[in-house]
Amino acid sequence: MTTADLILRQAQLIDGTGAPLFIGDLAISDDRITGMGDLRDWRADQEIDARGLALAPGFIDSHCHDDLALLQTPLLEPKISQGVTTVVNGNCGFSLAPHPANRGPLPQPLASLVPDPSLMFFDFAAYFRRLSEEPPSVNSMCLCGHTTLRHAVMDRFDRAATRAEIKAMRNFLDTALTQGAAGMSTGLYYPPASAAPTEEVIEIGGVLQDHRALYVTHMRNEADGVVASVEETLRIGRETGVPAIVSHHKCMNPQNHGKSVVTLGIIDAALAAGQDVGLDAYPYIAGSTFLFPERVDQAARVIVTWSKAMPEMGARDLSEIAADLGLSLRDAAERLLPAGAVYFQMDEGDLRRILAHSLTMIGSDGLVADPHPHPRAWGTFPRVLGHYARDEGLFSLEEAVHRMTGLTAKRFGLSERGTLQVGAFADLVLFNPATIQDTASFEEPKRPAAGIHGVWCNGRLTWDGRAATGDRPGRVLTRSS
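In my numbering, the protein residues as written are 712 to 1192.
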C-alpha cells in the first residue's frame, strides 16, 4: 500500500495545459504531487472527498505590485482567497531593489508605493534573504524595475540617461539578474521614466540576453499612442534579443476603442516572424493607478482609492468630490494629490478580444494596500473562471485555467509549477466550477471570492475556504532557462 500526506479524491483534475479535465485522485507528500489518477489503493493521513469540485494548479498572478505587501501583510489574503499561490512582482518599472544608500527621497509615484526609502533594499540578495527569513503565504518572483535603476544613479528624471549612467544601470541590472531577478520591467508611462528614450532602454537591457531574462513593460502610451507603443515594445524585444511582454494590455479612451484589432494583429505578425512575445490582462474595463489630474477628463468615471491630502475622500467618485468642492474635475484632482484612482476608460469588446488571445496570461495588477482598492485585487481569477469562462463562454474552463497556470509558468520559466503532474510542486486550488465567482465590487472591493474550497502552496494549506490558515510556506522563485 502506498501512503501520502494528503489525498484529494474524485476531483475534476484540470492539469493547467489546456487539456480536457478528467476525474481522478491526487496525492501530496511533503511539498510535491506524488500520485495522480486512480489511487484507490493509496492511503493518506488526510483524505478529502472532492467530488463535484475542480482541482487545478495554484494560480500564478503574472502582474503584481505585492513587493512590500509580502513583508507587511504576509498572509496576502486578497490573493490566497482567490486561489493564487505565486505572484510576479517588480512590475511597471518599480522594484524594492537596487537601492544604494543615501539616494534621497523617492520620486512620485514610487514614493506612494514605498512611503519610506528605508523599506527598500540595497540589492535583490538582501530582499530575497528577507523574504526567505520572513516567508509569506505565496511564492514570489521579482523583476528589476527600470525606474528603480534610474533612481539609483540619476540626479533628475526629466532627461535621458548619460553614457555613464547607462553603464551604471547595466551593472546594477546585471547584478540583479545574477541574484535571481527574472528580468527588467519598465513603466515608460510614468514621469520618472517617460523621458527615457527607446535607445536608453535597449542599452540597459543589453545584459538581459546573457541571463535568458525577460523584458516586461507598462508601455509608454495605452491611449492615442498605443499602436506606436506596441511597436516600440517589439523593437526593444528584438534589439535586446529577449522575450517582450506587454503588461495589462488595453486601449484607453473612446477614440481608441477597437484598436486592439490592430495591436493584436501587430503582435501576431511579430509571432509569425519568429519573435518571442507575450501579454497579460485583467478582466475589467476599469484600471487603477495614481491619480493624474490631466487624465480625469478622459474617463467615464473616476473613483478615488486614497488621498494623502484629503483621506476622507477615499472611496468616493471624483465627480461627487468636485461638486462638493465647487471645482472642476481636474482642479479637484489637484487638491487631492498625492492620490490613487480607478479609471473607467476601456471597452468591453477590446477586453474580450485581448482576453481571448491565445497568449494572454491573467494578471491582477492589484494594489492590495490601497484603502479602497480596485476589486481586481480580490476578484481577478474567479472573475475569469466564473464570468468569462462559465457564464459568457469566452473560452473553456480548461483554457481559462491554462491562462493562469501553465501558460504563465512556461513564460516565466517556473519549472515544476503551473501543471498537475507527478513530481511537480503541490501548489493547488480546489474550487467549485458551478459557483466560483468574484464578489468584490467597486463599491465593496475587499470581499473574498465565492467557490474557493482550499488553497495549498508547496503542499501546505493557506486558505481553508473561509479564511487564511496562518501558514506561510511561500518561497522565492527564480527563472529557469
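Cβ coordinates follow ideal geometry from the N, Cα and C atoms, glycine included. None of these values were measured; they are calculated from a predicted model.
Beta carbon of Ala861 nearer than 9 Å to that of Met880: Position 150 of the sequence shown holds residue 861. Position 169 of the sequence shown holds residue 880. The question names Ala, but residue 861 in the sequence shown is Arg. Yes, Cβ-Cβ distance for Arg861 and Met880 is below 9 Å.
Gln1148 beta carbon less than 9 Å from that of Ala1161: To locate residue 1161, count along the sequence shown from 1; it is residue 450. To locate residue 1148, count along the sequence shown from 1; it is residue 437. Closer than 9 Å, so yes.
The region 963-974 contacting the region 1024-1035, beta-carbon criterion three pairs below 8 Å: no
Integer-rounded CB distance, given that Thr909 should sit under 8 Å from Glu943: Position 232 of the sequence shown holds residue 943. Position 198 of the sequence shown holds residue 909. That belief holds up - the Cβ atoms of Glu943 and Thr909 are roughly 6 Å apart, short of 8 Å.
Rounded C-alpha distance that separates Ile725 from Leu1038: Residue mapping note: residue 725 aligns to position 14 of the sequence shown, counting from 1. Residue mapping note: residue 1038 aligns to position 327 of the sequence shown, counting from 1. C-alpha separation (whole angstroms): 53 Å.
Of the residues Ala1100, Leu1131, Gly1074 and Ala872, the one placed nearest Lys790, counting alpha carbons only: In the sequence shown, counting from the first residue as 1, residue 790 sits at position 79. Of the listed residues, the one whose Cα sits closest to Lys790 is Gly1074.
Assigned exposure category for Ser1191 - 16 Cβ within 10 Å defines buried: As a first step, residue 1191 must be located in the sequence shown, where it is residue number 480. Looking at its Cβ environment, which holds fewer than 16 other Cβ atoms inside 10 Å, Ser1191 is exposed.
Nearest candidate by alpha-carbon position, reference Met852, set Ser806, Ala997, Arg720 and Gly1090: If you number the sequence shown from 1, residue 852 lands on position 141. The shortest C-alpha separation from Met852 is found at Ser806.
Own chain, CB closer than 8 Å to Phe832, minus 5 neighbours either side, in chain order: Within the sequence shown, numbered from 1, the residue matching residue 832 stands at position 121. Counting only Cβ-Cβ distances below 8 Å, and skipping sequence neighbours, we find Leu807, Ala808, Pro809, His810, Tyr838 and Arg841.
4-residue-minimum alpha helix (DSSP H) runs that sit fully inside the region 902-985, ordered along the chain: 902-905, 909-915, 937-951 and 971-983
Rounded C-alpha distance that separates Leu1047 from Pro820: By one-based count along the sequence shown, residue 1047 stands at place 336. By one-based count along the sequence shown, residue 820 stands at place 109. Cα to Cα, the separation comes out at about 14 Å.
According to DSSP, residues forming a beta bridge with Ala1161: By one-based count along the sequence shown, residue 1161 stands at place 450. Answer is Gln1148.
Inter-residue Cα distance where the pair is Arg1183 and Arg1171: Translated into the one-based positions of the sequence shown, residue 1183 becomes position 472. Translated into the one-based positions of the sequence shown, residue 1171 becomes position 460. One C-alpha to the other measures close to 8 Å.
DSSP three-state assignment for Ala1137, whether helix, strand or coil: Start at 1 with the first residue of the sequence shown, and residue 1137 comes out as number 426. Of the three classes helix, strand and coil, the one that applies to Ala1137 here is coil, per DSSP.
Exposure of Lys1019, with buried meaning 16 or more beta-carbon neighbours within 10 Å: By one-based count along the sequence shown, residue 1019 stands at place 308. With fewer than 16 Cβ atoms within 10 Å of its Cβ, Lys1019 is classed as exposed.
Per-residue burial, Gly1181 [other beta carbons within 10 Å of its own, 16 or more giving buried]: The residue given as residue 1181 occupies position 470 in the sequence shown. By the 10 Å Cβ count, Gly1181 comes out exposed.
Ser823, buried or exposed, once every other Cβ within 10 Å from all chains shown has been counted against 16: Residue mapping note: residue 823 aligns to position 112 of the sequence shown, counting from 1. Ser823 comes out buried.
Span of the beta strand (DSSP E) around Ala767: Translated into positions along the sequence shown, residue 767 becomes position 56. From DSSP, the beta strand (DSSP E) with Ala767 extends over Ala765 to Pro768.
Sub-9 Å separation of Leu1062 and Lys961 beta-carbons: For the purposes of this step, residue 1062 is taken as the residue at position 351 of the sequence shown. For the purposes of this step, residue 961 is taken as the residue at position 250 of the sequence shown. Result yes, Cβ atoms of Leu1062 and Lys961 sit closer than 9 Å.
Residues of its chain near Ala715, where Cβ-Cβ distance is below 7 Å and the 5 sequence neighbours each way are ignored: Within the sequence shown, residue 715 is the residue found at index 4, counting from 1. Counting only Cβ-Cβ distances below 7 Å, and skipping sequence neighbours, we find Ala738, Ile739, Ser740, Thr745, Gly746, Trp753 and Ala755.
Span of the beta strand (DSSP E) around Asn800: For this step, residue 800 is matched to residue 89 along the sequence shown. That run of the beta strand (DSSP E) goes Val795 to Asn800.
Segment contact, 8 Å Cβ cut-off, at least three pairs: the region 902-916 with the region 933-950: yes
Enclosing alpha helix (DSSP H) for Asp1042 [first to last residue]: Translated into the one-based positions of the sequence shown, residue 1042 becomes position 331. Element bounds for Asp1042: Leu1040 to Leu1047.
Beta-carbon proximity list for Thr1071, same chain, < 7 Å, skipping 5 on both sides: As a first step, residue 1071 is located in the sequence shown; it is residue number 360 there, counting from the start. Closer than 7 Å at Cβ, skipping near neighbours: Leu990, Asp991, Ala992, Ile1065 and Arg1114.
DSSP state of Ser1192 mapped onto helix, strand, coil: What you label residue 1192 is simply residue 481 of the sequence shown in a count that begins at 1. Any reading at Ser1192 is ruled out, since the residue's pLDDT is 41, under 50, leaving its predicted position unreliable.
For His1083, the nearest candidate out of Leu1105, Glu1023, Arg1101 and Glu1045 (CA to CA): In the sequence shown, the residue the question calls residue 1083 occupies position 372. When each option's Cα is compared against that of His1083, the closest is Glu1023.
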